[in-house]
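Using UniProt numbering, the final residue of the sequence shown is 210, and nothing's skipped along the way. Even glycine gets a Cβ: it sits at the ideal position worked out from N, Cα and C.
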Amino acid sequence: MATDTFLRLPREKQERFLRAAWNEFTSCPYESVSINRIIQAAQVSRGSFYQYFSGKHDLFIYLLKNLIDTASRLFLAQMTVHQDDIFEAILGMYDMIVWQAASPKPDQPQARLAQLFRLNPDLEGTQFTEQLDLDIIGQQTRELLERQGCRVADHEVQPVLHLILSIGFTNLVAAMRCPKKQDVFRRQMLTQLEILRRGLTPDADQASHP
Numbered sequence: 001m002a003t004d005t006f007l008r009l010p011r012e013k014q015e016r017f018l019r020a021a022w023n024e025f026t027s028c029p030y031e032s033v034s035i036n037r038i039i040q041a042a043q044v045s046r047g048s049f050y051q052y053f054s055g056k057h058d059l060f061i062y063l064l065k066n067l068i069d070t071a072s073r074l075f076l077a078q079m080t081v082h083q084d085d086i087f088e089a090i091l092g093m094y095d096m097i098v099w100q101a102a103s104p105k106p107d108q109p110q111a112r113l114a115q116l117f118r119l120n121p122d123l124e125g126t127q128f129t130e131q132l133d134l135d136i137i138g139q140q141t142r143e144l145l146e147r148q149g150c151r152v153a154d155h156e157v158q159p160v161l162h163l164i165l166s167i168g169f170t171n172l173v174a175a176m177r178c179p180k181k182q183d184v185f186r187r188q189m190l191t192q193l194e195i196l197r198r199g200l201t202p203d204a205d206q207a208s209h210p
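What follows is the structure, encoded as structure tokens:
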């Protein structure tokens, strides 16, 4: 992650460096990313780069964390729009990212996210979820689900959270990589979320009439 040296830089220098980094990571696959091109665009020395980050991977993880932080704020906004219905908020988040990625501005988080997945076939949603504080988010998710009448036992919190994240990220990543099938992945996600919402236990009437 970023060192204290980087975090103490004037804001203008931080932003110039991060713009150069984003331009590089969204212009070519991860394996081809060049530290030399980043430092030339950012107008810093190689020595300065290594005072900021331990290497290319460290910088990449920092950029992913920034995307996650931005996505978290956007998701909270979706929760407000959808009156704390977590399932509707997930669909709203999908729609917003897909719609904005269709006609993006280069510095938009949505554009960067889409480009990362298009350039890196091996990049998976788990590399984003690894940057989350799953304990805190798990408890928040449990509270939201219970407000909607969904009971979640202590031992179910993390599995339920992983299911929700998997459904959201898997379909979003697929939509980013196959724009022509975005409606297909949305319908798939809607079905998966509905199954998760209602569960697979039959109601009393169904159980008594095989």
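Task: Through-space distance from L145 to Q43, alpha-carbon basis - done: 48 Å
Open item on the list: For the ligand NAP, is there any heavy atom lying closer than 8 Å to the beta carbon of Q188?
Closed with: By its list of ligands, the structure shown contains no ligand whatsoever, and the ligand NAP lies outside what it can speak to.
Open item on the list: Mapping the DSSP letters down to three states, classify R46 as helix, strand or coil.
Closed with: helix
Task: the stretch 59-76 contacting the stretch 20-38, beta-carbon criterion three pairs below 8 Å - done: yes
Task: With 16 other Cβ atoms within 10 Å as the buried cut-off, status of T141 - done: buried
Task: 8 Å CB neighbourhood of E12 in its chain, flanking five on each side removed - done: none
- [ ] Count the other C-beta atoms from every protein chain shown that fall within 10 angstroms of the C-beta of M189, then say buried if there are 16 or more, exposed otherwise.
- [x] buried
Task: Contiguous beta strand (DSSP E) assignments of at least 3 residues, all confined to the stretch 122-202 - done: none
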